[in-house]
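Before any comments, here is the structure.
Numbering (mature numbering (1 follows the signal peptide of the UniProt record, and there is no 0)), first residue to last: -22 to -1, 1 to 507.
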């Protein structure tokens, strides 16, 4: 069949109509904002349209996964960057009134880019909370109020400004937007001592589907439960978290010890699986696994780097390691005693000597094209399984795995205390990544590789359901579509992320947002009961 030839004049006309509709959409939104925001300042300077010279830089600024920024990816009609709570409130009211689909971005770390790309619904706009970065630390009450657009690094720094013996147990990456980060759970290097970020939240402020600003008392305990681990973009727009600070010692110790296959990595990692979840709760030892050049530089090997934080001095750490994990061979020379704030920089991978003020930059240090997946492990993987894993890692260009230990405080929570269910009985979590460079002519081969690896690992990880971490979002697990946002469809990924808590989340969603105002590819669906 011969494709019909569309006259140039018709193409020009269609483009003109599209531009006119876009301009009309922006104009109507702008007028509605002025009527509903209650602020004297003009919001026009907060709106970026595609013809604005700053549009692309704003769109790209915090987006972490370059795979979601390719030219073919759908782009928003405009980006709205509110600089106050009332403008977020007005944005919800106006979007609802005008029938505009919106997505919300706090830090841009969504692994599938759903905070800045909508593949299932166009046109759409982005409500970007980048200008909402207020942090009020109160050491006297051991609390802090943090705006959703602030990063974890900014929060850590503002705590450090007031006290060297306080901290907060959240992400290892310092450019995470605190708004979205905590909605998914928020794990970090102090999770075995103090639990997750969600376990240390005591209040919040959100904009609900009716455009109301609600705190914990006003929203009620069910909705407060749902936003602490039920994933972002389903129940409202997070404005503020009130978090509980935790004590940290004046001196902590960090280390990184790397073992290659030739140095017995397989047996040491097998032993780590038994040790890391059960060792002293002040000690967090994660493992970073990737191929590298062997010593002869003609072949590749696999290296396992044990990257750790201990809430105490090196002497005590060495005693614990000698008793519980002598196989690693940790020495005093491997250990670096430092302050908690400098340990944040160390674990995040900043070069030695980097001043803490770098945390105020709030920009992602890791930007790449990548695809990721996750698993939770409940029984040790045998050495034969590890050897099969090595074979698969060695054939991929740039794979990366990170294993994070559980246990300690995490075992003291029930699966239903928050929507985050991966608690007692979990040994560790696996993050899988494959990365590629711009210009790679066959990115599909990397995605195919990680899917095959994920299938192979199914023998060794949790099952019924096969659990996954919502903050490592994976659309391979299933997704809503524009014409199908059904409960039945969502169960496939809902149970992976939330286990039985999915049912309660659906019930709360149906109560607080029956019109499904807050929606995206993996938002919690509504259901008729």
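Think of the CB as a built atom: it goes at the ideal place given N, C-alpha and C, for glycine as much as any other residue. Computed from a prediction, not measured in an experiment: that's the story for all the values here.
(message) Here's a check: name, in chain order, each residue in its chain whose Cβ is nearer than 6 Å to the Cβ of residue -21, leaving out the five neighbours to either side.
(response) Caution is warranted here: a pLDDT of 44 is assigned to residue -21, below 50, making its placement in the model unreliable, and the coordinate value is therefore given only provisionally. Result list for residue -21: empty, nothing under 6 Å.
(message) Please state the DSSP three-state secondary structure of residue 405.
(response) coil
(request) Measure the C-alpha to C-alpha separation of residue 163 and residue 390 and round it to an integer number of angstroms. (result) 16 Å
(request) Give the secondary structure of residue 22 by DSSP, where H, G and I count as helix, E and B as strand, and everything else as coil. (result) helix
(request) For residue 230, name the three-state secondary structure that DSSP assigns. (result) strand
(message) Just to confirm the assignment, what range does the beta strand (DSSP E) spanning residue 265 have?
(response) 261 to 271
(message) Could you compute how far the alpha carbon of residue 419 sits from the alpha carbon of residue 269?
(response) 22 Å
(message) Taking the beta carbon of residue 171 as the centre, do at least 16 other beta carbons fall within 10 Å, making it buried, or is it exposed?
(response) buried
(message) I want to know whether the region 76 to 86 touches the region 103 to 115 - three or more CB-CB distances under 8 Å.
(response) yes
(message) With DSSP as the reference, identify every bridge partner of residue 353, one or two as the case may be.
(response) 408
(request) Give the straight-line distance between the Cα atoms of residue 337 and residue 138, rounded to the nearest whole angstrom. (result) 11 Å
(message) Does the contact criterion of 3 or more C-beta pairs under 8 Å hold for the region 487 to 504 versus the region 198 to 216?
(response) yes
(request) Enumerate in chain order the residues of its own chain whose CB-to-CB distance from residue 201 is below 7 Å, with the five nearest sequence positions on each side excluded. (result) 213, 486, 490
(message) Given this structure, state the Cα-to-Cα distance separating residue 501 from residue 459, to the nearest angstrom.
(response) 11 Å
(message) For residue 75, which residues in the same chain have their Cβ closer than 7 Å to its Cβ, ignoring the five residues on either side in sequence?
(response) 10
(request) Identify which residue in 426, 386, 371 has its Cα closest to the Cα of residue 379. (result) 371
(message) Quick check on this structure: which residue in 25, 33, 2, 92 has the alpha carbon closest to the alpha carbon of residue 43?
(response) 92
(message) Using only CA atoms, which one of 424, 64, 242, 258 lies nearest to residue 282?
(response) 242
(message) For residue 228, which residues in the same chain have their Cβ closer than 8 Å to its Cβ, ignoring the five residues on either side in sequence?
(response) 142, 143, 317
(request) Mind checking which residues open and close the alpha helix (DSSP H) that includes residue 303? (result) That residue, residue 303, is in no alpha helix (DSSP H); it is neither H nor E in DSSP.
(message) Between which residues of its own chain and residue 99 is the CB-CB distance below 7 Å, once the five residues before and five after are set aside?
(response) 79, 460
(message) Between which two residues does the alpha helix (DSSP H) holding residue 68 run?
(response) 63 to 76
(message) Can you give me the C-alpha to C-alpha distance between residue 403 and residue 156, rounded to a whole angstrom?
(response) 27 Å
(request) Kindly examine the ligand FMN and report whether one of its heavy atoms sits closer than 7 Å to the Cβ of residue 132. (result) Because no ligand of any kind appears in the structure shown, any question about the ligand FMN cannot be addressed here.
(request) Please determine if the region 427 to 435 and the region 60 to 69 are in contact, where contact requires at least 3 C-beta pairs separated by less than 8 Å. (result) no
(message) Comparing C-alpha positions only, which one of 52, 240, 492, 456 sits nearest to residue 368?
(response) 240
(request) Output yes or no for whether 8 Å exceeds the beta carbon distance between residue 354 and residue 445. (result) yes
(request) Give me whichever residues DSSP pairs with residue 284 in a beta bridge. (result) 235, 265
(message) Can you find the residues in the same chain that come closer than 7 Å, C-beta to C-beta, to residue 306, ignoring five residues on each side of it along the sequence?
(response) 235, 246, 284, 299
(request) Grab the span of the alpha helix (DSSP H) containing residue 452 for me, first residue to last. (result) Where residue 452 is concerned, there is no enclosing alpha helix (DSSP H), given that its DSSP letter is neither H nor E.
(message) Taking its Cβ as the centre, do 16 or more other Cβ atoms sit within 10 Å of residue 178, making it buried, or is it exposed?
(response) buried
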